[in-house]
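First comes the structure, then the notes that go with it.
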Amino acid sequence: MKRTAILFFFLCTLSYGYAQTSDTLQGNDKEYRETLDRLMLVSGTSTALRAQFPLLMQMMENMLPDVPEEVIHKMEDKFGDLFFERISDLYTPIYKRYLTLEDLKGYIAFYETPLGKKIAMTIPTLNKELMEAGQKAGQSIAREVLQELKKEGYTPTTL
Numbered sequence: 070m071k072r073t074a075i076l077f078f079f080l081c082t083l084s085y086g087y088a089q090t091s092d093t094l095q096g097n098d099k100e101y102r103e104t105l106d107r108l109m110l111v112s113g114t115s116t117a118l119r120a121q122f123p124l125l126m127q128m129m130e131n132m133l134p135d136v137p138e139e140v141i142h143k144m145e146d147k148f149g150d151l152f153f154e155r156i157s158d159l160y161t162p163i164y165k166r167y168l169t170l171e172d173l174k175g176y177i178a179f180y181e182t183p184l185g186k187k188i189a190m191t192i193p194t195l196n197k198e199l200m201e202a203g204q205k206a207g208q209s210i211a212r213e214v215l216q217e218l219k220k221e222g223y224t225p226t227t228l
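Here the sequence shown is numbered in this note's numbering, starting from 70 and rising by one per residue.
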């Protein structure tokens with residue numbers, strides 16, 4: 070009987086400690102997500118994502134030519150917020166693997182400086198231009214590789 074009482078007391082103590090840890094973690098998760106959302110806002114990431122969603126809907130509109138444009142726009146309005154909520158759900162654990170809550174706060178502090186604001190404003194355009202330059206370089210190299218393969222007797226259909 071004494072053993073049972075000790076075991077019961079031990080299990081209650083253990084589960085009480087676990088429940089507190091779980092609540093604390095959930096509170097930290099909420100703070101982390103809110104801080105990440107703030108970072109995405111000040112860094113310009115939210116703006117970039119908001120620009121991507123209409124492109125996604127445009128692709129859907131192209132894939133579904135029988136659906137009237139106004140219906141697509143209605144869906145865009147309806148699912149826009151859900152898209153950003155899910156993106157945040159997906160991004161949070163990824164960021165947590167690499168950055169602490171304090172890291173995020175420091176990152177936000179940087180983006181609130183004049184240089185950080187300038188970077189947030191220029192990064193979308195800079196990334197677009199860098200991607201275009203990378204595509205041009207890739208296309209150029211691909212042409213050269215194909216020419217070299219043709220010299221070796223290969224054609225794209227036999228690769």
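In this text, a Cβ means the ideal position worked out from N, Cα and C, and glycines have one as well.
Taking all protein chains shown into account, decide if residue i is buried (16 or more other Cβ within 10 angstroms of its Cβ) or exposed.
i      : result
Tyr223 : exposed
Ala189 : buried
Tyr167 : exposed
Pro225 : exposed
Met132 : exposed
Met109 : buried
Just curious, the alpha helix (DSSP H) that residue i is in, first and last residue?
i      : result
Glu171 : Leu170 to Tyr180
Glu221 : Taken as a continuous stretch (DSSP letters only), Glu221 belongs to no alpha helix (DSSP H), as it is neither H nor E.
Helix, strand or coil: which one does DSSP assign to residue i?
i      : result
Asp135 : coil
Thr93  : Below a pLDDT of 50, predicted positions are generally treated as unreliable, and Thr93, at 41, falls in that range; no measurement from the model is reported.
Gly149 : helix
Gly113 : coil
Rounded to whole angstroms, how far is the Cβ of residue i from the Cβ of residue j, which I believe are closer than 8 Å?
i      : j      : result
Tyr101 : Thr191 : That pair is no contact at about 27 Å.
Ile141 : Met128 : Actually they do not touch by this definition, with Cβ atoms about 11 Å apart.
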